[in-house]
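Working notes for the structure below.
In my numbering, the protein residues as written are 4 to 101.
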């Protein structure tokens, strides 16, 4: 969970997260329940599950759809997250009928 989180605040954010978890922990061992909700919630939402055997185009369609949904339809943010240009994103949205 800690490994998969994006850590936009880098080492400071990690340190603050762990300090907070230690203070809030009810026991001697830290569990995911001790972490701030933003860390726990984000770790699962960073993935798009695509079954084995799915074609690349179907996987790409699902990844684009999930990112559009995650960014509330904001195409600029979606394109930035995916590392593609807006023109490319618009073309793929049209191609996949999204």
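From the three backbone atoms N, C-alpha and C, an ideal C-beta is built for every residue, glycine too. As the structure is a prediction and not an experimental result, all values here were calculated from the model.
Taking residue 33 as the centre and dropping the five residues before and after it, the same chain places the C-beta of 24 closer than 6 Å to its C-beta, in chain order.
Excluding five sequence positions before and after residue 64, the CB atoms of its chain that fall closer than 6 Å to its own CB belong to 99, given in chain order.
Residue burial is scored here from C-beta neighbours: residue 77 has fewer than 16 other C-beta atoms within 10 angstroms and is therefore classed as exposed.
Note on residue 81: 16 or more other CB atoms within 10 angstroms of its CB, so buried under the neighbour-count rule. With at least 16 other beta carbons inside 10 angstroms of its own, residue 37 counts as buried. For residue 29, the secondary structure class from DSSP, reduced to helix, strand or coil, is coil.
By a beta-carbon distance limit of 8 Å, residue 96 does not contact residue 66. Their separation comes to about 12 Å.
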